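Taken in order, the sequence shown gives residues 902 to 1282; the numbers are from the numbering used here. Even for Gly, the Cβ is constructed at its ideal location relative to N, Cα and C. Fair warning: this is a prediction, and the values are worked out from it, not measured in the lab. Take a look at the structure below.
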Amino acid sequence: MCKGKVIAAFVSKHFLPIGTLFVIPLGIIFPAPAVYLNGKLPVVQMCIVTLFFVIGTKFRLTEIQSALRCYRETALGIIVVLLLTPVVGTKLLMLPKFRQVPSAENGTLNNSWSIELPDFGPEEFRIGLQIFCVSPCASAFPTVVVTAANGSRALTLLIAVIATTISVFTVPVMTTWLIPAFQTASVSSLTILPSVILFILLPLIVGRLLRFTGLVKKVVTKLYTSLKFVTSGALLVMFWVKISQATSKGDLQKFSPWMIVAVTALGTAVITSFLVFTFILASLLRLPKKSILAVTVLSSARNSSIAITVIENLPGSVGDKDLMFFPIIFVYLAMVVIINSFGCFMTIKTEENNIEQDKDTLEDKVDSTDKFTLVINPLDQ
902 MCKGKVIAAF VSKHFLPIGT LFVIPLGIIF PAPAVYLNGK LPVVQMCIVT LFFVIGTKFR
962 LTEIQSALRC YRETALGIIV VLLLTPVVGT KLLMLPKFRQ VPSAENGTLN NSWSIELPDF
1022 GPEEFRIGLQ IFCVSPCASA FPTVVVTAAN GSRALTLLIA VIATTISVFT VPVMTTWLIP
1082 AFQTASVSSL TILPSVILFI LLPLIVGRLL RFTGLVKKVV TKLYTSLKFV TSGALLVMFW
1142 VKISQATSKG DLQKFSPWMI VAVTALGTAV ITSFLVFTFI LASLLRLPKK SILAVTVLSS
1202 ARNSSIAITV IENLPGSVGD KDLMFFPIIF VYLAMVVIIN SFGCFMTIKT EENNIEQDKD
1262 TLEDKVDSTD KFTLVINPLD Q
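Right, here's the structure in full:
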């Protein structure tokens, strides 16, 4: 393979993290275009709807049928993704010290690289990371990692689809229950629920229903791989707009670079704790290695698009929305690196994969024999 094709394949595989590294300086250096565009059109809302609509059209139920018999693995994955990691993450983020945003008359913190630790920035940073922890896994990125590591792709898709659908109703409840800032601002789950249904659930349902039509299914099947650039592009546009808005308001000038590094390290530590905790729990339950890989990756993967949807529809009394979003970008990049590294480290060798497939085949034969016996015996009697 020529060098150009190798580069193109690498960019295609890592399009979202590479694009994120590009839009961060773009939004900081040239914020005006994104701010102007967002002033004319509801860019963020349009991107959210587009993203979940495309995800809905890409749902392939046939891929997850083989995982339907994995009741224990599926139940564990859903409980960890929707309940355990949100509780653990939000509680861990209550431990460090955050503070109020400094006002303009009090000066800025960008004049020096030295800060008095522990100091992780304004309270909005904490709120944004807590919302990010409550937002469950996406399907695309974990599926790529698990598939490359010879894990259970079908189980990954099954848990991701179920978790994404249920999260429409659990995220509003979990955020108002677990995040003190929501309670202080008297934000109820009913404040968030209508927007989440409108911008997430409805596009998902419409996209999935349209897939039943022959033309749409044919187009989606043909362009299945290319559609990832649409979803990733929508997410990158949201990143670009939110960074540009924060820059244009002068928010970034209020914080030391060390503060950004500190809050990113904090979020990264929380995401890593999800991975370690779930890996130990799944191992103690003696799940198959392919299932351990799938459940662990899903537990540590967070969905930034759901977090953005929640943040965008919060009342102003909770805090500055752009500041809430800012640390999510950097923690998301760190999350991609951590999960990819874990996938490479846990890659199941071909020999192990074949052994597990033989076990699955044997179990299927035993189950089929049992069912056959149950049907035949009454007739014999």
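Could you tell me which whole beta strand (DSSP E) segments of length 3 or greater appear in the region 1079 to 1104?
none
Let me know if Y1125 comes out buried or exposed under the rule of 16 or more other beta-carbons within 10 Å of its beta-carbon.
On the sequence shown, position 224 is the one that residue 1125 refers to. So Y1125 ends up on the exposed side.
Tell me the start and end of each unbroken alpha helix (DSSP H) in the region 1188 to 1258 that is at least 4 residues and wholly inside, in chain order.
1190 to 1201, 1205 to 1213 and 1222 to 1246
For I919, three-class secondary structure by DSSP
Mapped onto the sequence shown, residue 919 falls at position 18. Three-state DSSP puts I919 in a helix.
Find the nearest neighbour of T1248 within the set V1198, T1210 and M1225, judged by alpha-carbon distance.
Counting from 1 along the sequence shown, the entry for residue 1248 is found at position 347. Cα-wise, what sits closest to T1248 is V1198.
Drop a sphere of 10 angstroms on the beta-carbon of K914, count the other beta-carbons inside from all chains shown, and report buried for 16 or more, exposed for fewer.
As a working note, residue 914 is residue 13 in the sequence shown. Under this definition K914 is an exposed residue.
Rounded to the nearest angstrom, how far is the Cβ of V1131 from that of A935, given a contact under 8 Å?
Along the sequence shown, read from residue 1 onward, the residue named residue 1131 stands at position 230. Along the sequence shown, read from residue 1 onward, the residue named residue 935 stands at position 34. Between A935 and V1131 the Cβ distance is about 19 Å, and since that is not below 8 Å, they are no contact.
Rounded straight-line distance, which links the Cα of R973 to that of L868:
Lying before the first or after the last residue shown, residue 868 is absent from the chain, which here runs from 902 to 1282.
Is the distance from the Cβ of F1156 to the Cβ of P1023 below 9 Å?
One-based indexing of the sequence shown puts residue 1156 at position 255. One-based indexing of the sequence shown puts residue 1023 at position 122. Their beta carbons are under 9 Å apart, which means F1156 touches P1023 by this criterion.
Using the C-alpha atoms, what's the distance from F1175 back to V1062?
Within the sequence shown, numbered from 1, the residue matching residue 1062 stands at position 161. Within the sequence shown, numbered from 1, the residue matching residue 1175 stands at position 274. Cα to Cα, the separation comes out at about 20 Å.
Below 9 Å between beta carbons: does that hold for V1171 and L994?
For the purposes of this step, residue 1171 is identified with residue 270 of the sequence shown, where counting begins at 1. For the purposes of this step, residue 994 is identified with residue 93 of the sequence shown, where counting begins at 1. It is a contact, given that the beta carbons lie within the stated cut-off.
What residue range does the alpha helix (DSSP H) around Y1125 cover?
Looking up residue 1125 in the sequence shown gives position 224. Taken as a continuous stretch (DSSP letters only), Y1125 belongs to no alpha helix (DSSP H), as it is neither H nor E.
Taking contact to mean 3 or more Cβ pairs, one atom from each stretch, closer than 8 Å, check whether the region 1214 to 1225 and the region 1150 to 1166 are in contact.
yes
Please give the ranges of any alpha helix (DSSP H) in the region 1011 to 1071, keeping only runs that are unbroken, at least 4 residues long and fully inside the region.
1024 to 1035 and 1041 to 1049
Could you tell me whether the region 1080 to 1094 touches the region 1190 to 1209, where touching means 3 or more Cβ pairs closer than 8 Å?
no
At which residues does the alpha helix (DSSP H) containing L1153 begin and terminate?
Numbered from 1 along the sequence shown, position 252 holds the residue referred to as residue 1153. Premise fails: L1153 is in no alpha helix (DSSP H) and is neither H nor E.
DSSP three-state assignment for M1075, whether helix, strand or coil:
Against the sequence shown, residue 1075 aligns to sequence position 174. M1075 falls in the helix class under three-state DSSP.
How many angstroms separate the CA atom of I1207 from the CA atom of L1185?
Here residue 1207 refers to the residue found at position 306 when the sequence shown is read from its first residue. Here residue 1185 refers to the residue found at position 284 when the sequence shown is read from its first residue. Computed Cα separation, rounded: 31 Å.
In its own chain, which residues sit with a C-beta less than 7 Å from the C-beta of V907, not counting the 5 before and 5 after it?
As a working note, residue 907 is residue 6 in the sequence shown. Counting only Cβ-Cβ distances below 7 Å, and skipping sequence neighbours, we find nothing.
For L969, does the three-state DSSP call read helix, strand or coil?
The residue you call residue 969 lines up with position 68 of the sequence shown. Correct three-state label for L969: coil.
Would you list, in sequence order, the uninterrupted alpha helix (DSSP H) runs of no fewer than 4 residues that lie entirely inside the region 932 to 990?
933 to 941, 944 to 959, 962 to 965 and 972 to 980
Please report the Cβ distance between G905 and F1226, rounded to the nearest whole angstrom; I am assuming they are in contact, meaning their Cβ atoms lie under 8 Å.
To locate residue 905, count along the sequence shown from 1; it is residue 4. To locate residue 1226, count along the sequence shown from 1; it is residue 325. Actually they do not touch by this definition, with Cβ atoms about 36 Å apart.
Using DSSP with H/G/I as helix, E/B as strand and the rest coil, what is F911?
Taking the first residue of the sequence shown as position 1, residue 911 is located at position 10. Three-state result, F911: helix.
Reduced DSSP category for M1160 - H, G, I as helix; E, B as strand; rest coil:
Counted from its first residue, the sequence shown places residue 1160 at position 259. Residue state, collapsed to three classes: helix.
Three-state secondary structure assigned by DSSP to P926:
Within the sequence shown, the letter at position 25 stands for residue 926. The answer is helix: DSSP assigns P926 an H, G or I state.
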